[in-house]
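Below is one structure, written out as structure tokens, with a few remarks after it.
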């Protein structure tokens, strides 16, 4: 074992020695050669959308990408940069404007998450979850709650977390057990939520809990503020990726929540949770797009400078074909994500299976693109000096959360197989 | 003195990151399908104008761009950064190929008078033709004082105190208004346009003028004979010793 370790260290030293010459090619994000190419993310967009995309790309390049490795390796949750993102309007992108939301469409918002995630996929994924929570409050909460929370969430001065999954209920979310019992003017919550992005570091928790009967109709959505008596957090989880955002369990022990913090009607919680997730699925899929885009761009540059057998790698047909496959996976993923976003914007009846398809396809294919990018980088791709391995680690979880890709397949096949009227929340 | 009106020139140029290619017929450089953006020095000019407005020194910021239809995209960027309205001087693409700083200066001078501007700010130069002429010629046409290569601008009573970047140091000058400023690199760091401002920019007014509206003859005074790539650098030679180097230099008559 020890000698094997030594070998690895020696190997990485050799890599380091040559890597100096190659560092010059680590550019990526917004590279000019992409403009007008078949992987140009601005193909078919309006002038205003291109401006929005350019803003997010500039932000990714200047504020996120230079820090992405450090945030990952030191597990830093960059609240100051999140605030900067909030000042530009990234905190409540698709909330209404009257309370400080930006009022963008889902398609425009998807462009933002896609562009930002090139700079740091993990941080952008947190921004996207925060946006999903803000939208759920904006869409379903009464005006008092909206006026209290949306302005602060829009500026990202306050941050939000989404609490659905429990230790025993992940995909089977309709049967969650966290209970809320009415005591006069407040509820007392008991139970545990797990895998909560931002848990312990965020200010408000959008919690699904049981106020009534078993099954989906007994679930209610509530806002739980961080200072609430009876609210506690588990240890910070150690994760494969997504290290720039903390993940903890959120524990309720007779946690007091005022009745005025109920979002929507009693029993609407499951519907609200699922409606939020439709958008969440597009958002997280968009985050995979950005990671794949920059992995591909970095790989293209690498192939052009790395020489083996006396010629640069871009001369080898196998690698040319690989690059073509990666580009095609990326563009097809992008197209289905944007179609799904349009389906939400226009409330198409088949939006649920379309969002499911988009999430499942884009997160799986884009992970493959990142993985292929790593392979084409050879040994260098395995090093943390290069961004590729982080894109691969950060996108892996996209296949699991916001509904596993297995649940996505379930929703798609249910839509195809049903002979009844299609019912979606 | 009441708050000032500021006119800012915003040129649409090939993006700084683009690798420039010469057209095969050597009449110019390839612009079709090439990414364009606002001249970076003009971005600094807009930023300065918007800051003057935020400090309540200026009351209105008007962005101007002279060129084909796509210049409106550049103007939308200026509006998103905080300009109040825009004027697009529409030049057809054939005339645009030979448009010179003298023409743009005439447009700016006329617009400065029509719009009753107190300050005209332009970038010190455009990164495509590197002319560094427009600001100076606009000042000459209007017979206004000019403060070029500005790296700091302050208002004192009725005058502007401007720090200029000159060879080997900084020069502080005072100019009376109305005046022309040209922005140097260190004047400020332009902001990101926020999403709400990008959306508001759509609704801000954009006027369109033609050269004849402004009484400017855009007939070309120059003919482009040939546009060529810079010569490719030739390979060097390695020498073994100082003696060999000296001998080679002597042989080729360089020392």
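Residue numbers (full-length UniProt numbering), protein chains in the order written: chain A, 1 to 425; chain B, 1 to 255.
Each residue gets a CB set at the ideal place from its N, CA and C atoms; glycine is no exception.
Given that residue i touches chain A, what residues does it touch there, using C-beta distances under 9 Å?
| i | result |
| --- | --- |
| residue 198 (chain B) | 48, 51, 52, 55, 89 |
| residue 73 (chain B) | 47, 50, 51 |
Is any beta-carbon of chain B found at less than 8 Å from that of residue i?
| i | result |
| --- | --- |
| residue 32 (chain A) | yes |
| residue 104 (chain A) | yes |
| residue 203 (chain A) | no |
| residue 58 (chain A) | yes |
Got a sec, what are the start and stop residues for the alpha helix (DSSP H) residue i sits in?
| i | result |
| --- | --- |
| residue 279 (chain A) | 269-305 |
| residue 31 (chain B) | Per DSSP, residue 31 (chain B) belongs to no alpha helix (DSSP H) and is neither H nor E. |
| residue 104 (chain B) | 101-114 |
| residue 53 (chain A) | 47-59 |
| residue 233 (chain A) | Segment 231-233 is the beta strand (DSSP E) holding residue 233 (chain A); no alpha helix (DSSP H) there. |
| residue 228 (chain A) | Looking at the DSSP string, residue 228 (chain A) is not in any alpha helix (DSSP H), and its letter there is neither H nor E. |
| residue 396 (chain A) | 388-396 |
| residue 382 (chain A) | That residue, residue 382 (chain A), is in no alpha helix (DSSP H); it is neither H nor E in DSSP. |
| residue 363 (chain A) | 351-376 |
| residue 416 (chain A) | 405-417 |
| residue 202 (chain A) | Counting along the chain, residue 202 (chain A) falls outside any alpha helix (DSSP H), and DSSP gives it neither H nor E. |
| residue 69 (chain A) | 68-73 |
| residue 135 (chain B) | 134-142 |
| residue 121 (chain A) | 121-140 |
| residue 337 (chain A) | 317-345 |
Residues of chain A with a CB under 7 Å from the CB of residue i: which are they?
| i | result |
| --- | --- |
| residue 15 (chain B) | 32 |
| residue 202 (chain B) | 48 |
| residue 18 (chain B) | 32 |
Which residue wins for smallest C-alpha separation from residue i, given the options the options?
| i | options | result |
| --- | --- | --- |
| residue 207 (chain A) | A:101, A:214, A:195 | A:195 |
| residue 119 (chain B) | B:63, B:237, B:11 | B:63 |
| residue 95 (chain A) | B:108, B:78, B:196 | B:196 |
| residue 219 (chain A) | A:274, A:230, A:119 | A:274 |
| residue 163 (chain A) | A:102, A:221, A:356 | A:221 |
| residue 45 (chain B) | B:27, B:65, B:36, B:166 | B:65 |
| residue 146 (chain B) | B:156, B:157, B:161 | B:161 |
| residue 217 (chain B) | B:89, B:51, B:143, B:165 | B:89 |
| residue 98 (chain A) | A:75, A:344, A:385, A:138 | A:138 |
| residue 75 (chain B) | B:212, B:11, B:133 | B:11 |
| residue 283 (chain A) | A:347, A:395, A:262 | A:395 |
| residue 56 (chain B) | B:100, B:154, B:141 | B:154 |
| residue 375 (chain A) | A:365, A:295, A:143 | A:295 |
| residue 129 (chain A) | A:263, A:156, A:28, A:48 | A:156 |
Mind pulling the chain A residues with CB within less than 8 Å of residue i?
| i | result |
| --- | --- |
| residue 35 (chain B) | 32, 35, 36 |
| residue 77 (chain B) | 51 |
| residue 80 (chain B) | 51 |
So is residue i in contact with chain A if we call contact Cβ pairs under 8 Å?
| i | result |
| --- | --- |
| residue 64 (chain B) | no |
| residue 193 (chain B) | yes |
| residue 154 (chain B) | no |
| residue 23 (chain B) | no |
| residue 165 (chain B) | no |
| residue 5 (chain B) | no |
Under 9 Å Cβ-Cβ, which residues of chain C neighbour residue i?
| i | result |
| --- | --- |
| residue 113 (chain A) | Of the protein chains in the structure, A and B, none is chain C. |
Round the Cβ separation of residue i and residue j to the nearest angstrom and send it over; I've been treating them as touching at under 8 Å.
| i | j | result |
| --- | --- | --- |
| residue 125 (chain A) | residue 60 (chain A) | That belief does not hold up - the Cβ atoms of residue 125 (chain A) and residue 60 (chain A) are roughly 13 Å apart, past 8 Å. |
| residue 397 (chain A) | residue 241 (chain A) | 6 Å |
| residue 303 (chain A) | residue 330 (chain A) | Actually they are not in contact, since the Cβ atoms of residue 303 (chain A) and residue 330 (chain A) sit about 16 Å apart, beyond 8 Å. |
| residue 199 (chain A) | residue 161 (chain A) | 6 Å |
| residue 198 (chain B) | residue 87 (chain A) | With a Cβ gap of about 14 Å, residue 198 (chain B) and residue 87 (chain A) do not count as contacting. |
| residue 178 (chain A) | residue 209 (chain A) | 4 Å |
| residue 38 (chain B) | residue 78 (chain B) | 7 Å |
| residue 121 (chain A) | residue 340 (chain A) | About 19 Å; that fails the 8 Å criterion. |
| residue 187 (chain A) | residue 259 (chain A) | 7 Å |
| residue 387 (chain A) | residue 68 (chain A) | 7 Å |
Between which two residues does the beta strand (DSSP E) harbouring residue i extend?
| i | result |
| --- | --- |
| residue 207 (chain B) | 206-209 |
| residue 256 (chain A) | 247-258 |
| residue 165 (chain B) | 159-166 |
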